[in-house]
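Novice:
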Amino acid sequence: VHARYGELVRRWKAAGRPAMHWASVDVHRSFDSIKHAKLLQVAQGLFESEDYSLRRYAQVSCGGARGGFPVRFCRRALPGSEWKDFFSDATELASRRKCAVFTDLVESASCPQIY
């Protein structure tokens, strides 16, 4: 690693680029010392609802960089109280994204929080 890094730095400097810095961090077993009770306490404040619904859909766009019809697979989590039928969701998405088709993939009715 050091030999390749040295060569990279030499080429970098020869090209007149700014100084390069390197950092290496070993995170193996770094989460073993976390207090789980405190983590759960903090995480509970991140949720605004007791249950969430997950919507999976595909977005097919026209005229990608290479032509054709690129497909992007997406997920969207909503609080259970804000769950709408897919047509309403797709209409909202289409208002923000022109020249795209949205298709529903899988619908999960509920994903309750697990503590």
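Adding 284 to a residue's 1-based position in the sequence shown gives its number in our numbering.
Beta carbons: idealized from backbone N, C-alpha and C, even for Gly.
Cutting at 7 Å between CB atoms, please list the residues of its own chain near residue 389, excluding the five before and the five after it.
Specialist: Correct list, in chain order: 340, 341 and 342.
Novice: Run through the segment 315 to 386 for me and flag every whole beta strand (DSSP E) of 3 or more residues, listed as ranges in chain order.
Specialist: Here the runs fully enclosed are 335 to 345 and 355 to 363.
Novice: On the DSSP bridge assignment, give the partners of residue 310 in chain order.
Specialist: According to DSSP, residue 310 bridges with nothing at all.
Novice: Using the C-alpha atoms, what's the distance from residue 313 back to residue 319?
Specialist: Cα to Cα, the separation comes out at about 14 Å.
Novice: Answer yes or no: the CB of residue 332 versus the heavy atoms of the ligand GDP, is any distance below 6 Å?
Specialist: Judged by which ligands are present, the structure shown has none, so any question about the ligand GDP falls away.
Novice: Just how far apart, CA to CA, sit residue 385 and residue 358?
Specialist: Taking the straight line joining both Cα atoms gives about 13 Å.
Novice: Which same chain residues end up closer than 8 Å to residue 353 when comparing Cβ atoms and leaving out the 5 residues on each side of it in sequence?
Specialist: So the qualifying residues of the chain are 344, 345 and 346.
Novice: Using a 10 Å radius around the Cβ and a threshold of 16 neighbouring Cβ atoms, would you call residue 289 buried or exposed?
Specialist: By the neighbour-count rule (16 or more Cβ atoms within 10 Å), residue 289 is not buried but exposed.
Novice: Near residue 370, what residues of its chain come up, given a Cβ to Cβ distance below 6 Å and the 5 sequence neighbours on each side ignored?
Specialist: Here the set comprises 388.
Novice: How far does the alpha helix (DSSP H) with residue 288 in it extend, from its first residue to its last?
Specialist: Unbroken alpha helix (DSSP H) run through residue 288: 286 to 298.
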